[in-house]
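Residue numbers (our numbering): 125 to 437.
One structure below.
This is the structure in structure tokens:
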């Protein structure tokens, strides 16, 4: 039985450039060895053919929203239903994995029962199919060291967790902002170890634009992102890598050391992760960020007044 199941919901393969990046990513996962299973989820053009090409599992019957975007809840449920591994890994379909992801996942699994592993990525320009013959890991590491750039701390392009975690999720739209931030929030709220594995796992993101999205807009500008944030519970539930409370160094889970920024952030989110009070979280946000809170309140007030006026008309 595999130790780890990697699953994803690829974009359509009809764009030649996107197809190259996704095939590179899937092939890197397929080269991680027999203890890793790979599942492609969705019925977008070319997914079935890619699954057959690389000898991985394909699950086409994913639930979608009214705009035809696959739902994160359905993707995760399918992966759980059709896998038997103790550890699950969701990853974006343009990410290259190397064997260190398996090593790190095993190390964390041996030290914690409930956890979420996340981390920063290395951005790399890739324009052609990569060579995965013997020695591919060393070649990729050298190329990344020479030409790659470590992405700023924000979201995460992968999520590693035991199958007992995240058994129920809101109906987020995949590929839109907000749902990944909720993963951080949910882990901290439930008291699971939120492990920033950047020192232990080197993932490579193959750079691309937003041509695959409606009107080429970044995902955070789309209406489905606003809906994702609503489903997450609101803006206060939008956590990021700065909210991790653990890290993985030399195979050991360690508490993240607090600097001034981390201290004040932990104070700000205390009502959310310890008291489970969103209203109090709003109050603390206003105390720590009065200018931003004032702007948010004005936007909310304008919407309420417009809504009241529409009701009268």
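Idealized CB from N, CA, C, for every residue including glycine.
Source: prediction; values computed, not measured.
Does the distance from the CB of residue 175 to the CB of residue 181 come in under 8 Å? yes
What residue range is occupied by the uninterrupted alpha helix (DSSP H) comprising residue 402? 402 to 412
At which residues does the beta strand (DSSP E) containing residue 162 begin and terminate? 160 to 165
C-alpha distance - residue 241 paired with residue 263, whole-angstrom precision: 26 Å
Does the count of Cβ pairs from the region 287 to 303 and the region 264 to 275 closer than 8 Å reach three? Between the region 287 to 303 and the region 264 to 275 there are fewer than three C-beta pairs closer than 8 Å, too few to call the two in contact.
Report back the beta-carbon spacing between residue 159 and residue 127 to the nearest angstrom; my notes put them in contact at under 8 Å. 4 Å
Taking the Cβ atom as the reference point for each residue, do residue 200 and residue 290 lie within a distance shorter than 8 Å? Closer than 8 Å, so yes.
Nonlocal neighbours in the same chain, by C-beta distance under 8 Å from residue 332, ignoring five residues either side: 141, 142, 145 and 218
Output yes if chain C places a C-beta closer than 8 Å to the C-beta of residue 428; else output no. The structure shown contains no chain C; it is built from a single protein chain.
Residues bridged to residue 213 [DSSP beta-bridge criterion]: 130 and 284
Report the partner residues of residue 353 according to the DSSP bridge assignment. Beta-bridge partners of residue 353 (DSSP): none assigned.
Are at least three pairs of beta-carbons, each pair with one atom in the region 302 to 322 and one in the region 359 to 374, less than 8 Å apart? Here the region 302 to 322 lies against the region 359 to 374, with 3 or more beta-carbon pairs under 8 Å apart.
Suppose you measure from the CA of residue 430 to the CA of residue 416; what does that come to, to the nearest Å? Distance between the alpha carbons of residue 430 and residue 416: 21 Å.
Which of helix, strand or coil does DSSP assign to residue 336? Low confidence applies to residue 336: its pLDDT is 46, below 50, so where it sits in the model is not reliable enough to give any reading.
Going by beta-carbon coordinates alone, are residue 314 and residue 396 separated by less than 8 Å? no
What are the boundary residues of the alpha helix (DSSP H) that includes residue 382? It is not in any alpha helix (DSSP H) - residue 382 carries neither H nor E in the DSSP assignment.
Those residues which DSSP pairs with residue 246 across a bridge: 274 and 328
Where residue 410 and residue 401 are concerned, what is the direct C-alpha to C-alpha distance, given to the nearest angstrom? 14 Å
Following the continuous beta strand (DSSP E) through residue 232, name the residue where it begins and the one where it ends. Here residue 232 belongs to no beta strand (DSSP E); instead the alpha helix (DSSP H) covers 224 to 233.
Would DSSP call residue 371 helix, strand or coil? strand
Chain-order list of residues whose beta-carbon lies under 6 Å from that of residue 194 (same chain, five-residue window excluded): 133, 166, 186, 188 and 298
Using a Cβ-Cβ cut-off of 6 Å (strictly less than) and excluding sequence neighbours within five positions of residue 284, which residues of its own chain qualify? 213, 229 and 241
Mind checking which residues open and close the beta strand (DSSP E) that includes residue 183? 181 to 183
Residue 319 in three-state terms, based on DSSP: strand
Chain-order list of residues whose beta-carbon lies under 8 Å from that of residue 326 (same chain, five-residue window excluded): 222, 224, 246, 265 and 268
Mapping the DSSP letters down to three states, classify residue 362 as helix, strand or coil. coil
Closest by C-alpha distance to residue 183, when choosing among 319, 169 and 163: 163
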